[in-house]
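Notes follow once the structure below has been shown.
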Amino acid sequence: MGKENLLEVRRLKKYFSTAAGQLHAVDDVSFEIAKGETLGVVGESGCGKSTLGRAVLRLHEPTSGEVLFDGKNILDYGKAEMKALKRDMQLIFQDPFSSLNPRMTVSQSIALPLTIQGVYKKKEKEALNKKVREMMDLVGLAQRFVNSYPHELDGGRRQRIGIARALALNPRFIVCDEPVSALDVSIQAQILNLMQDLQRDMGLTYMFITHDLSVVKHLADKIMVMYLGMVVEHCDVKQLFAKPLHPYTKALLSAIPVPDPDVEMDRIILKGEISSPIDPKPGCRFAGRCIYATEACHGKDIPLTETEPGHYTACIRVKEIN
Amino acid sequence: MDNILDIKDLVVRYETEDGIVRAVNSVSLELPKGASLGLVGETGAGKTTLAKSVLRLIQWPPGKIAGGSIMYQGEDLTAISEDAMCKIRGKEISMIFQDPMTALNPVMTVGKQISEAIAAHENVSSEQADEKMREMLTMVGIDPERAGEYPHQFSGGMKQRVVIAIALACNPRLLIADEPTTALDVTIQAQVLELIKNLRSRLGTSMLLITHDLGVVAQNCEYVAIMYAGEIIEKGSLRDVFKNGLHPYTKGLFASIPKLNEDVDRLKPIDGLMPDPANLPEGCKFHPRCSMAKEICRCQIPEQTEISPGHMVCCHCFGSHKDAWKGE
Amino acid sequence: MEANALKNNTAEVGRTEQVKARSLWADAVRRFKKNKMAVISLIFLLVLAGIGVTTLVIDWATDSSIYDEKVIDQNLMQRFEAPSKEHVLGLDEFGRDILLRILWGTRYSLFMSIAAVLAAGIFGVMIGAVAGYYGGRVDNVIMRLMDIVLSLPYMLLAIAIVAALGPGLVNVLISIAIGYIPEFARITRASVMTIREREFIEAAKAVGASDMTIIFRQILPNAMAPLIVEATMAVAGAILSIAGLSFLGLGIQPPLPEWGAMLTNARGYIRDAWHITVFPGLAILITILALNIIGDGLRDALDPKLKN
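Okay, here's the thing in structure tokens:
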């Protein structure tokens with residue numbers, strides 16, 4: 001091991017002010033991602049995983065905390081430094097239907113980051129076109145679509161445009177926000193394979209945000225499970241699937257229907273639904289739905305502790321229930 | 001076996017300005033009484049069109065049922081009058097839609113929406129309808145005290161429960177669920193599927209479950225039909241299709257999903273894309289993406305072959321042209 | 001190495017023929033062409049505009065001699081002459097050819113309206129885009145100002161402005177433009193606020209695009225559809241406003257052949273000679289009808305979802 005960390009996030013918080021109070025979208029989250037690795041961030045809608053991804057890129061300005069990229073805190077960066085940093089950090093979106101400008105052709109969309117970052121000057125049209133075509137080849141998009149508009153293409157091809165656009169600046173770190181959730185399964189596999197190939201060939205580091213545990217299991221090295229803005233479990237992918245420790249992770253795993261009639265599912269059906277992230281009371285945020293919850297789970301925030309080597313859990317009863 | 005629903009050679013077309021879209025092509029499907037059938041397919045396979053045509057909800061223009069029959073309890077739904085159809089919708093057959101956010105009327109309280117569904121089909125006083133409404137809410141796990149609230153005060157999972165309550169309010173014999181949990185989180189999906197399962201076993205309702213999620217089918221259905229480009233390419237019991245799937249597309253589907261209970265380094269996607277339903281290929285609709293395609297697949301539509309009782313496959317490798325296929 | 005990535009989709013890369021691209025604009029044109037009434041209206045309007053340009057060219061070439069002679073100069077001997085072969089629409093109360101006056105009047109009615117709407121559009125779109133994009137306090141201040149303008153009866157506002165500045169071409173234009181700015185600002189703001197939330201805007205931010213690039217290159221092209229429709233309708237409204245102001249004696253002053261002014265002057269003789277009121281009135285009516293039909297056609301063509 002001993003791999004160098006590309007990204008380190010320390011006690012990151014992102015609160016939104018709403019009429020009803022402070023919405024704790026991301027609450028005190030810390031993690032690191034080593035060069036060339038993939039961190040899977042898993043959780044249900046409203047758990048703050050997308051906000052976390054955007055806060056790391058400063059697309060949402062974090063409320064407090066540190067984001068160290070290459071050892072430097074990017075939250076101290078000025079406008080110009082931030083713009084330069086975008087060459088290294090990019091984002092792939094969930095919805096290939098709204099993440100592309102409907103009035104721009106494929107080549108215009110892919111060229112946008114290159115012209116905005118001034119990689120090619122206005123006069124270098126030819127070089128720019130060549131680069132666009134290279135990018136299309138790289139993501140497996142046929143040249144004949146170079147002047148097509150997004151509405152003429154299907155979801156899989158659109159997602160390839162989104163990937164080409166993110167890769168055009170040759171970044172080192174990419175936040176992937178549910179990049180395959182909107183796609184059909186047969187297309188989903190094509191895109192997942194493409195992302196794996198690109199990671200291997202270009203040495204990319206991914207932060208892979210998804211609600212689909214089976215995709216994370218397939219792609220990620222480390223995994224982080226979020227619930228209501230907080231991390232409840234964080235460890236190696238293998239550890240998590242072999243032995244989930246947090247009650248929420250267990251319920252989440254058991255809720256996924258396995259496409260095999262022989263697998264008897266021992267379902268833990270959770271009661272109730274995710275509670276409000278606005279001004280949450282101190283204490284374990286999952287306690288309201290947890291079958292193991294006791295008095296001690298309420299009243300005090302539960303820190304993430306190393307339960308087993310490299311396996312972090314935020315649950316005070318983790319020893320008793322496993 | 002007694003079938004509650006028997007679809008024979010159903011053809012549905014949309015006639016648009018860009019040409020004729022052949023959404024459902026000669027589909028035959030049967031659902032035994034009390035059972036549940038999973039209809040699996042990707043976007044554009046024609047699953048929703050098939051479901052809607054059972055309730056005759058296809059709007060003309062541009063869509064119309066162009067052939068075949070839909071037998072429900074001995075009656076051909078494609079031939080009966082609109083009045084008779086109205087009596088069947090909601091009362092005999094009801095439907096749950098994918099998106100609970102848009103399926104409910106935002107300016108009507110949820111209680112009112114349920115009791116209206118009851119009053120529309122049953123000859124009851126408004127007090128009786130109200131009482132039944134409260135009963136339904138309790139049954140789907142919502143406090144009847146919340147009947148006076150509006151849909152926006154409910155979360156996604158709760159809204160889907162309300163939709164289910166409306167669908168089951170008149171004790172229908174057949175429930176058509178079109179991607180009922182796709183818009184929901186997994187833990188909520190588990191709750192909703194569990195709820196549907198319990199209610200079905202209590203009321204004896206048959207179900208046609210439309211989904212793209214093979215896992216949901218495996219956990220909820222006894223029979224499966226796989227749909228591709230408007231055709232059923234394989235159908236049979238759950239075990240037939242999931243354990244002994246024969247059609248190259250069925251195999252491709254299973255190979256392309258990452259699984260929790262298995263480890264693979266690399267997924268095997270199906271090459272290419274779903275064909276454009278306005279411009280379907282000749283012969284077997286799947287041949288442009290099929291690694292086993294031969295000359296015969298390009299020009300001739302494969303017929304259904306019964307592999308074992310009830311297990312049907314549409315592929316030349318198994319049909320009467322088996323030898324021609326092998327010979328090439 | 002990169003070949004690996006290609007393996008995913010070899011079938012695609014094999015084919016080289018270029019796909020003919022169809023932009024959303026091209027789609028809209030195709031749909032617009034199917035609407036016969038709208039196409040006829042558009043042709044009518046283009047012909048009218050062509051005539052308007054021709055009259056300007058003629059004036060420039062003849063140093064306005066034809067204009068002075070036929071359109072302005074009075075010939076009291078022939079007043080109220082009914083339509084005839086020589087004068088298809090007859091002569092007015094000063095013996096001037098009504099057809100020529102209507103044709104020469106397009107520059108005041110049609111071109112001035114277009115100019116006023118363009119001016120209102122440019123300011124309104126900029127104001128609305130800034131308000132919609134930045135939101136918050138900026139939005140509040142701008143939109144309350146717009147509300148104030150909107151709360152005044154439009155005609156009253158125009159009358160007040162013209163009264164303050166004095167009648168005249170430019171002043172009429174200004175008064176009409178100011179009245180239309182809030183409408184454009186409101187529509188732009190609403191579109192910008194929805195488009196701002198789309199992911200491709202975030203994608204542009206993620207590659208470091210500046211606010212101005214985002215507003216002008218990413219958002220506004222997507223906000224054009226309702227604005228184009230509004231502009232068409234606004235031109236119709238502006239023609240009416242100019243005619244109205246002229247009718248009240250505050251707009252274009254006689255003897256200039258503006259359609260509304262022609263109506264005002266003719267109204268005293270409505271019982272004696274029907275044609276001198278009817279034809280300028282018809283000119284206004286048909287032009288506005290054509291603009292409204294085009295506007296409806298554009299709305300259907302630009303937003304096909306609305307129609308079904």
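Chains as they are written, first to last, in the numbering used here: chain A, 1 to 322; chain B, 1 to 328; chain C, 1 to 308. We treat Cβ as the ideally placed atom computed from N, Cα and C, and that holds for glycine.
query                                                                                                                   : result
Integer-rounded CB distance, given that K132(B) should sit under 8 Å from I142(B)                                       : Wrong, their Cβ atoms sit about 14 Å apart, outside the cutoff.
For S23(C), the nearest candidate out of F173(A), L7(A), E81(A), P150(A) (CA to CA)                                     : P150(A)
Beta-carbon proximity check, I302(A) vs I291(A), cutoff 8 Å                                                             : no
Pair within 8 Å by beta-carbon distance, T188(C) and L145(C)                                                            : no
6 Å CB neighbourhood of I181(C) in its chain, flanking five on each side removed                                        : A120, F123, G124
Close Cβ partners of K307(C) (< 7 Å) along its chain, the five nearest in sequence each way excluded                    : Because K307(C) carries a pLDDT of 42, less than 50, the predicted location of this residue cannot be relied on, and no value is offered for it.
Chain B contacts made by the stretch 89-119 of chain A, where a contact means CB separation under 8 Å                   : none
Unbroken alpha helix (DSSP H) run spanning I357(C), endpoints                                                           : Nothing about residue 357(C) can be read from this structure; chain C reaches only from 1 to 308.
Sequence ranges, alpha helix (DSSP H) only - wholly within the stretch 110-198 of chain B, length at least 4            : 110-121, 126-139, 156-168
Where L77(B) falls: helix, strand or coil (DSSP)                                                                        : coil
First and last residue of the uninterrupted alpha helix (DSSP H) at L236(A)                                             : The identity of residue 236(A) in the sequence shown is Asp, whereas the question assumes Leu. Unbroken run through D236(A) is the beta strand (DSSP E), 230-236; no alpha helix (DSSP H).
For C176(A), the residue or residues it bridges with in DSSP                                                            : I92(A), F208(A)
Burial state of P180(B) (16 or more Cβ within 10 Å)                                                                     : buried
Inter-residue spacing [alpha-carbon to alpha-carbon] between P229(B) and E282(B)                                        : Note on identity: in this sequence residue 229(B) is Ala, with Pro being the wrong assignment. Taking the straight line from one Cα to the other gives about 12 Å.
Element boundaries [beta strand (DSSP E), containing K222(A)]                                                           : 222-227
Within chain A, partners of R242(B) - CB distance below 9 Å                                                             : The amino acid occupying residue 242(B) in the given sequence is Phe; Arg does not appear at that position. Those are P259, D260, P261, D262, listed as they occur along chain A.
The stretch 12-32 of chain B contacting the stretch 62-82 of chain B, beta-carbon criterion three pairs below 8 Å       : yes
At least 3 beta-carbon pairs within less than 8 Å: the stretch 149-163 of chain A vs the stretch 214-226 of chain B     : no
Within 7 Å of chain B by C-beta, residues of the stretch 36-59 of chain A in sequence order                             : E44, S45
Coarse secondary structure for Q304(B), derived from DSSP in three states                                               : strand
CB of I215(C) within 8 Å of CB of I288(C), strictly                                                                     : no
Helix, strand or coil at M112(C) [DSSP, three-state]                                                                    : helix
C-beta neighbour in chain E for T188(C), strict 8 Å                                                                     : Going by chain labels, chain E is absent from the structure shown, which instead holds the protein chains A, B and C.
Below-8 Å beta-carbon distance, P221(C) vs any chain A residue                                                          : yes
Exposure of N9(C), with buried meaning 16 or more beta-carbon neighbours within 10 Å                                    : A caution first: N9(C) carries a pLDDT of 41, below 50, which makes its placement in the model unreliable, though a value can still be read off. When all chains shown are included, N9(C) counts as buried.
Proximity winner among L252(A), S254(A), K217(A), relative to K238(A) (alpha-carbon distances)                          : K217(A)
Cα-Cα separation between M1(C) and D201(A), rounded to whole angstroms                                                  : Low confidence applies here, because M1(C) scores a pLDDT of 34, under 50, leaving its location unreliable; read the following figure in that light. Going by the C-alpha atoms only, they are around 6 Å apart.
Where A34(A) sits in the DSSP three-state scheme                                                                        : strand
Residue burial classification, K52(B) (beta-carbon count within 10 angstroms, cutoff 16)                                : buried
Beta-carbon proximity of I313(C) to F247(C), cut-off 8 Å                                                                : The requested residue 313(C) is not part of the displayed model; chain C covers only 1 to 308.
Start-end ranges of the alpha helix (DSSP H) lying completely within the stretch 240-264 of chain A, minimum 4 residues : 247-255
Neighbouring residues, chain A, relative to S23(C) (Cβ below 8 Å)                                                       : R103, T105, Y149
DSSP-derived helix/strand/coil call for H24(A)                                                                          : strand
Best match in E149(B), A129(B), Q98(B), C86(B) for proximity to V107(B) [C-alpha to C-alpha]                            : E149(B)
Per-residue burial, D18(B) [other beta carbons within 10 Å of its own, 16 or more giving buried]                        : exposed
Cβ neighbours of L138(A) in the same chain (closer than 8 Å, five flanking residues each side left out)                 : A164, L167, L198
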